[in-house]
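Below: the structure, in structure tokens.
Residue numbers (my numbering): 1 to 692.
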């Protein structure tokens, strides 16, 4: 296996590298989420970080790698052995890098019952999962946005508490789970819910480098690595070792980094004025600022530490809504920090967060004074290499995230959730809107069913119950305590929400520009996008105008990308209604061929006045014939009539009849009239409802 690409050889992406290093110095910061387009060294940087971390001392035969010098963090087994008088064996090993696959189940993550041991010896024994392997190491989750929210919750809970508690399948077990959590994702493939985003301490948005010289360096270094991995890594070994020493030195210095009451007041004031929810951000900023001061060899915080920490801790917390743009820039932070400093002069110095009680008991106070920076210790030569440049005196000006161009958009309205009964189909997808039975090993375990000969996703409790009546006839003197046979196997039946595709088909012809109809159309789509975001639906966007229709957004999980595309839709030209319907039909049927369990919904926003044909048929007749294909293919639709009530010719309603779909006016949409329309036929679909 070739050596890992060196961390210091990564060109650019300084903010990402800095966030990773600060987590390595102070793992209690709480991890980092790296968001960016493909091919921007996200995975490479995460893997390379583990190689920089120093060796750790562990209990040699402990599956959790307990620290022999910290009894308070020991697992149950190590604690019991020590209490029995056993001397725990020691060993040194590299810091582990554990990769969590997107397909990981809850059992695989937290651990479960050792079924083999239970069957052979009748003993309940815990089988460790990914969290156990990652203890005191790095846990890397690529495409974290594609993981089940429940699994992400488990990861983040363990990362926050430092312990994994397992209470399941007659097992009660806990073990340490302290690790550096690194998540990467491509926003175009879908977002994380705000509740989960906030659990990541730091967040970095990165893009491909545009500078030609830097891009040339990327090519040269990658080609050199591919040609001779060992030789390339040897060339960078001195820089890697120097950075590793810097991290180790900063870890030792971290406990000596002090901060004042003025620092606390400045952070609290800044977070409050920015309207950041909760208090997690305040703590993250403080911890990150301390780690940065230690990395630069200082024992006292500076404003630069606080600003850099805020720049890493706030990007994912300032977005109130996926369809709104954040407006806070670094200039705002500078202004707020200056105001906070003026309001709260330095009064006293306090110890680390974890030692506040001790500091209070000591009643140590430092009178007056300022928070001037102490001279930084001399930095190693490696820190001046292009691969890891020190940050500028102030972080770069500007926004931390990309935003679409703002255009006039009509009023949007809050969606109301409508739940539906379970369907009779077994599906395998992962969206959330419609509950459905699933044959994947994810979802809530609701019941068991016989599964002779198939031990996959075994319902152990049900299997035991099935085998219990037969134990008397199966027992032998030297046989296992529990005799199971393939005929006893019971498989879990799980329930989760099935994936949906919501395809918006928007009329952008000249008639829609009259009386600001397109503005109202965008407002309606914004509202429906909000619901799609909350339910993790896939969304697509088809626009028809002039002489044809086009797919401006192929089906995606990225609601923010859909919003940006929607903002740039031009208006004008004829109304090729039939072309729009044809493209929509092709998109949905293609998606269904790839994912037969998908539940599609077309949302058509138009006045129904088509005036361009693709064939010799009259425009309206052609549109009606294509519309009839949708119910034949079991594709559900909703028509939103954008025509003004005073001039309505009934064309949208006529089109809806051929689609076998409900038709609503914009006024009805705002009046909470868009309700469930196809629940009776499929039993599992719920159409978007809105309330003003």
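Positions of the beta carbon are idealized from the N, C-alpha and C atoms, including for glycine.
What you are looking at is a predicted structure, and each value in this text was computed from that prediction instead of being measured.
Environment of residue i [buried if 16+ CB atoms lie within 10 Å]
{"i": "residue 392", "result": "Since pLDDT at residue 392 reaches only 35, below the 50 mark, its modelled position is unreliable, and no value is offered."}
{"i": "residue 279", "result": "exposed"}
{"i": "residue 185", "result": "buried"}
{"i": "residue 145", "result": "buried"}
{"i": "residue 746", "result": "What the structure shows of the chain is the stretch from 1 to 692, and residue 746 is not part of that stretch, so it cannot be assessed."}
{"i": "residue 12", "result": "buried"}
{"i": "residue 317", "result": "buried"}
{"i": "residue 187", "result": "buried"}
{"i": "residue 650", "result": "exposed"}
{"i": "residue 376", "result": "Residue placement at residue 376 is poorly supported in this model, since its pLDDT is 41, which falls under 50; the coordinates still yield a value, given next. That one is exposed."}
{"i": "residue 6", "result": "buried"}
{"i": "residue 436", "result": "Low confidence applies to residue 436: its pLDDT is 49, below 50, so where it sits in the model is not reliable enough to give any reading."}
{"i": "residue 89", "result": "exposed"}
{"i": "residue 492", "result": "buried"}
{"i": "residue 500", "result": "buried"}
{"i": "residue 277", "result": "exposed"}
Residues sharing a beta bridge with residue i, DSSP
{"i": "residue 175", "result": "164"}
{"i": "residue 154", "result": "Beta-bridge pairing links residue 154 to no other residue."}
{"i": "residue 652", "result": "Residue 652 is not bridged to any residue."}
{"i": "residue 545", "result": "548"}
{"i": "residue 62", "result": "Looking at the DSSP assignment, residue 62 forms no beta bridge with any residue, so it has no partner."}
{"i": "residue 204", "result": "34"}
{"i": "residue 87", "result": "Answer is none; residue 87 lacks a bridge partner."}
{"i": "residue 183", "result": "33, 141"}
{"i": "residue 538", "result": "501"}
{"i": "residue 663", "result": "639"}
{"i": "residue 490", "result": "450"}
{"i": "residue 8", "result": "Note: residue 8 sits in no beta bridge, so no partner."}
Cβ of residue i within 8 Å of any chain C Cβ
{"i": "residue 592", "result": "You won't find chain C in this structure, because it holds only one protein chain."}
Endpoints, alpha helix (DSSP H) assigned at residue i
{"i": "residue 225", "result": "212-227"}
{"i": "residue 78", "result": "76-83"}
{"i": "residue 295", "result": "280-295"}
{"i": "residue 267", "result": "261-274"}
{"i": "residue 583", "result": "577-594"}
{"i": "residue 52", "result": "42-52"}
{"i": "residue 507", "result": "Run containing residue 507: none in the alpha helix (DSSP H); it sits in the beta strand (DSSP E), 500-507."}
{"i": "residue 631", "result": "629-632"}
{"i": "residue 305", "result": "303-313"}
{"i": "residue 103", "result": "It is not in any alpha helix (DSSP H) - residue 103 carries neither H nor E in the DSSP assignment."}
{"i": "residue 247", "result": "237-254"}
{"i": "residue 17", "result": "14-25"}
{"i": "residue 458", "result": "Note, residue 458: premise wrong, no alpha helix (DSSP H); not H, not E."}
Candidates the options: closest to residue i by CA position
{"i": "residue 263", "options": "566, 310, 221", "result": "310"}
{"i": "residue 585", "options": "634, 290, 597", "result": "634"}
{"i": "residue 38", "options": "206, 47, 639", "result": "206"}
{"i": "residue 208", "options": "218, 200, 199, 597", "result": "218"}
{"i": "residue 624", "options": "661, 645, 588", "result": "661"}
{"i": "residue 456", "options": "626, 486, 35", "result": "486"}
{"i": "residue 222", "options": "8, 652, 85, 158", "result": "8"}
{"i": "residue 574", "options": "647, 556, 636, 607", "result": "607"}
{"i": "residue 482", "options": "500, 494, 460", "result": "460"}
{"i": "residue 48", "options": "241, 104, 159", "result": "241"}
{"i": "residue 179", "options": "601, 23, 306, 1", "result": "23"}
{"i": "residue 659", "options": "603, 112, 537", "result": "603"}
{"i": "residue 599", "options": "549, 25, 637", "result": "637"}
{"i": "residue 452", "options": "488, 550, 630, 473", "result": "488"}
{"i": "residue 605", "options": "315, 502, 166, 273", "result": "502"}
{"i": "residue 227", "options": "565, 2, 612", "result": "2"}
Where the beta strand (DSSP E) through residue i begins and ends
{"i": "residue 97", "result": "97-100"}
{"i": "residue 142", "result": "137-142"}
{"i": "residue 637", "result": "636-641"}
{"i": "residue 57", "result": "56-59"}
{"i": "residue 107", "result": "Run containing residue 107: none in the beta strand (DSSP E); it sits in the alpha helix (DSSP H), 106-110."}
{"i": "residue 72", "result": "Residue 72 -> no beta strand (DSSP E), and no H or E assigned at all."}
{"i": "residue 1", "result": "Segment: none, residue 1 is in no beta strand (DSSP E) and carries neither H nor E."}
{"i": "residue 614", "result": "Counting along the chain, residue 614 falls outside any beta strand (DSSP E), and DSSP gives it neither H nor E."}
{"i": "residue 605", "result": "599-606"}
Practice item. Determine contact between the region 35-55 and the region 253-260, defined as no fewer than three beta-carbon pairs at a distance below 8 Å. Key: no
Point to revise | At least three beta-carbon pairs within less than 8 Å, the region 55-70 to the region 133-143 | key: yes
Review point. Would you call the region 5-18 and the region 100-109 touching, i.e. three or more CB-CB distances under 8 Å?
Key: Not touching, per the Cβ criterion.
Exercise for review: Please confirm if the region 235-248 is in contact with the region 61-71, defined as three or more CB-CB distances below 8 Å between the two stretches.
Suggested key: no
**Study point:** Cβ pair count under 8 Å reaching 3, the region 585-598 against the region 608-625
**Key:** no
Practice item. Count the CB pairs spanning the region 272-289 and the region 19-38 that are closer than 8 Å, and state whether there are at least three. Key: Yes: the two stretches touch, three or more of their Cβ pairs being nearer than 8 Å.
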